[in-house]
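When we follow the UniProt record's numbering, the leftmost residue of the sequence shown carries the number 1, and every step to the right adds one. We put the beta carbon where it would ideally sit given N, CA and C, even for glycine. So the structure is just underneath, and the comments pick up after that.
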Amino acid sequence: MGMRNNNSTNIIREHCKELILSDAQIADLMNRLLEDIQKGLRKDTHESATVRCFVTYVQDLPNGTEHGKFLALDLGGTNFRVLIITLGEKHFDMKSKIYAIPQNIMIGTGEQLFDHIAECLANFMKEHSLETERLPLGFTFSFPLTQKGLTKGLLEKWTKGFNCSGCVGEDVVQLLKDALARRNDVQIDVCAILNDTTGTLNVMCLATTQFQLPPIGIIGTGSNACYVEKVENAELFDGDKSKPYVIINTEWGAFGDDGRLDFVRTEYDREIDQYSINPGKQLHEKMISGMYMGELARLILVKFTKQGLLFGGNGSDLLYKRGNFFTKYVSEIESDKRGSYMNCRQVLEELGLNHATDQDCSNVRYICECVSRRAAHLVSAGVATLVNKIAQESVTVGIDGSVYRFHPHFHDLIMEKMADLVTPGIKFDIMLSEDGSGRGAALVAAVACRDR
Ligand code: BGC
1 MGMRNNNSTN
11 IIREHCKELI
21 LSDAQIADLM
31 NRLLEDIQKG
41 LRKDTHESAT
51 VRCFVTYVQD
61 LPNGTEHGKF
71 LALDLGGTNF
81 RVLIITLGEK
91 HFDMKSKIYA
101 IPQNIMIGTG
111 EQLFDHIAEC
121 LANFMKEHSL
131 ETERLPLGFT
141 FSFPLTQKGL
151 TKGLLEKWTK
161 GFNCSGCVGE
171 DVVQLLKDAL
181 ARRNDVQIDV
191 CAILNDTTGT
201 LNVMCLATTQ
211 FQLPPIGIIG
221 TGSNACYVEK
231 VENAELFDGD
241 KSKPYVIINT
251 EWGAFGDDGR
261 LDFVRTEYDR
271 EIDQYSINPG
281 KQLHEKMISG
291 MYMGELARLI
301 LVKFTKQGLL
311 FGGNGSDLLY
321 KRGNFFTKYV
331 SEIESDKRGS
341 YMNCRQVLEE
351 LGLNHATDQD
361 CSNVRYICEC
371 VSRRAAHLVS
381 AGVATLVNKI
391 AQESVTVGID
401 GSVYRFHPHF
411 HDLIMEKMAD
421 LVTPGIKFDI
431 MLSEDGSGRG
441 AALVAAVACR
451 DR
């Protein structure tokens with residue numbers, strides 16, 4: 001019995017090797033990503049680039065003098081939020097409410113989506129007795145946008161779980177304004193539309209004392225990064241060129257959509273993609289982010305179960321159902337102390353796998369570790385590429401998102417890997433930057449108003 005189990009463990013570990021990125025593969029990945037970023041930045045290659053590197057028109061960062069009352073919308077994670085934020089000399093006040101976006105709206109028409117957003121916003125304003133005021137609003141819209149200015153952005157494509165008709169190619173600020181006009185019960189003034197990475201960068205700027213321009217990563221439902229680029233390198237930027245810098249939204253989640261990541265993708269990645277609502281798109285994101293991590297683990301568990309390597313070959317209907325192994329399970333299982341399988345057993349019981357042996361639990365944990373470690377290493381490669389490109393003496397990278405926050409080892413895994421990848425001599429650190437998509441939207445709107 002013991003023999004057989006050990007043997008399964010060995011076979012499982014052997015199969016999982018394809019999930020371990022070698023140093024050579026990571027070096028190759030970093031070169032490819034840097035090339036693709038450069039393609040995104042250049043005028044002649046931007047359109048055909050996979051990593052689009054959109055310019056954002058956010059050139060001024062908060063300096064702490066911003067004040068006033070601002071509304072913010074945050075669309076793009078698992079939840080939709082409306083916030084009212086008051087910035088003052090010594091105080092900061094924020095009230096917010098989370099609204100569900102029902103599945104049928106996420107894949108319905110654009111009109112339905114924006115009517116829903118407008119309705120939530122109007123209800124929120126009424127609940128806070130703001131309906132008679134005309135307030136400035138910052139809109140965090142965390143999808144790839146071609147920006148035509150601070151308040152105009154054309155949707156390139158939907159990502160994550162969204163796929164609303166009639167929005168691609170449209171100015172989403174206008175779609176919001178149209179929906180508000182259809183209701184005609186509240187007045188707002190959209191001052192900025194931004195990506196969650198951009199919002200996070202703005203929040204980081206206030207949080208760090210030393211003057212620096214940190215790169216930002218988001219590892220949540222989706223995955224992305226932004227950084228500050230010299231205006232002369234951002235060939236598509238046609239805004240104020242007297243200011244030296246502009247924030248670039250890399251949209252690195254689309255890295256590999258031309259096949260350049262195929263050398264590290266596995267059959268599990270191909271299956272995730274095939275059953276997603278956007279096949280062929282966001283292939284890098286699908287190897288990393290919270291929307292897919294649990295499902296990746298599930299596909300591996302299913303395969304090994306069917307081969308008789310796990311659970312004595314007996315799975316369960318729940319295990320065999322797509323989407324049923326949540327990303328939070330990966331975090332929970334990896335939170336068990338070494339040698340304890342408390343969380344692991346609880347997860348397996350929820351899935352109807354009460355017959356799991358200790359050896360099964362140990363293998364389940366190993367599979368989860370392979371999936372999350374690979375994700376963390378892909379993030380490290382990406383962040384290190386940006387850190388090396390920026391080439392400042394010292395840099396603190398801000399990261400946010402549910403995976404980074406809730407996975408027990410993600411931060412340490414990234415730090416450890418980056419130590420190998422960052423150019424010697426550059427000092428780096430990684431810091432959690434909280435609620436950039438909420439607070440950041442208000443800050444960007446406030447800076448826009450400050451300078452008006
Ligand atoms: C979107 C990005 C966003 C990221 C994190 C991706 O799917 O394309 O715009 O920043 O998710 O929310």
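With burial defined as no fewer than 16 other Cβ atoms inside 10 Å of the residue's Cβ, what is the status of residue 129: buried or exposed?
A residue is called buried when at least 16 other Cβ atoms come within 10 angstroms of its Cβ; residue 129 does not meet this threshold and is exposed.
Measure the C-alpha to C-alpha separation of residue 334 and residue 328 and round it to an integer number of angstroms.
Taking the straight line from one Cα to the other gives about 10 Å.
Whether residue 154 touches residue 170 by CB criterion (8 Å)
Yes, the pair counts as a contact, with Cβ atoms nearer than the cut-off.
If we ignore side chains and look at the alpha-carbon of each, how far apart do residue 345 and residue 323 end up?
Their backbone Cα atoms lie some 19 Å apart in a straight line.
Taking Cβ positions, are residue 72 and residue 138 nearer each other than 8 Å?
Taking C-beta atoms as the reference points, residue 72 and residue 138 count as a pair closer than 8 Å.
Could you pull the start and end residues of the beta strand (DSSP E) that residue 191 belongs to?
Note, residue 191: beta strand (DSSP E), 187-194.
Of the residues 300, 261, 290, 198, which one's Cα is nearest the Cα of residue 14?
Looking only at 300, 261, 290, 198, the smallest Cα-Cα distance to residue 14 is reached by 300.
Count the other CB atoms within 10 Å of the CB of residue 54; is the residue buried (16 or more) or exposed (fewer)?
Buried, by the Cβ-count rule.
State the Cα-Cα distance for the pair residue 365 and residue 372, rounded to the nearest angstrom.
In this structure, the CA atom of residue 365 is about 11 Å from the CA atom of residue 372.
Check this for me: beta carbons of residue 254 and residue 50, under 8 Å apart or not?
Cβ distance < 8 Å, so residue 254 and residue 50 count as in contact.
Using a 10 Å radius around the Cβ and a threshold of 16 neighbouring Cβ atoms, would you call residue 437 buried or exposed?
Buried, since its Cβ has 16 or more Cβ neighbours within 10 Å.
Does residue 304 pass the burial test, meaning 16 or more other C-beta atoms within 10 Å, or should it be called exposed?
By the 10 Å Cβ count, residue 304 comes out buried.
Locate the alpha helix (DSSP H) running through residue 301, then write down its first and last residues.
It spans 293-306 - the alpha helix (DSSP H) in which residue 301 sits, taken as one unbroken run.
Using a Cβ-Cβ cutoff of less than 8 Å, which residues in the same chain neighbour residue 269 once the five nearest sequence positions on both sides are dropped?
Excluding positions up to five away in sequence, the list reads 283, 286, 287, 296.
Secondary structure of residue 65, DSSP reduced to three states
In this structure, residue 65 counts as coil in the three-state DSSP scheme.
Per DSSP, residue 94 forms a beta bridge with which residues?
In DSSP, residue 94 forms a bridge with 85.
Pairwise C-alpha distance: residue 274 and residue 261
The C-alpha of residue 274 is placed about 16 Å away from the C-alpha of residue 261.
Candidates 179, 165, 186, of which the one nearest residue 136 by Cα:
Looking from the CA of residue 136, the closest CA among 179, 165, 186 belongs to 186.
Please identify the residue among 449, 440, 445 whose C-alpha is closest to the C-alpha of residue 207.
Distance check between residue 207 and each of 449, 440, 445 places 440 closest, using alpha-carbon atoms only.
In this structure, how does DSSP classify residue 227 when only helix, strand and coil are distinguished?
The answer is strand: DSSP assigns residue 227 an E or B state.
Closer than 7 Å: is that where the CB of residue 278 sits relative to any heavy atom of the ligand BGC?
No.
Residue 122 versus residue 393: straight-line alpha-carbon distance, rounded:
Distance between the alpha carbons of residue 122 and residue 393: 47 Å.
Under the rule that 16 or more other beta-carbon atoms within 10 Å means buried, what is residue 407, buried or exposed?
Classification of residue 407: buried, given that the 10 Å Cβ count is 16 or more.
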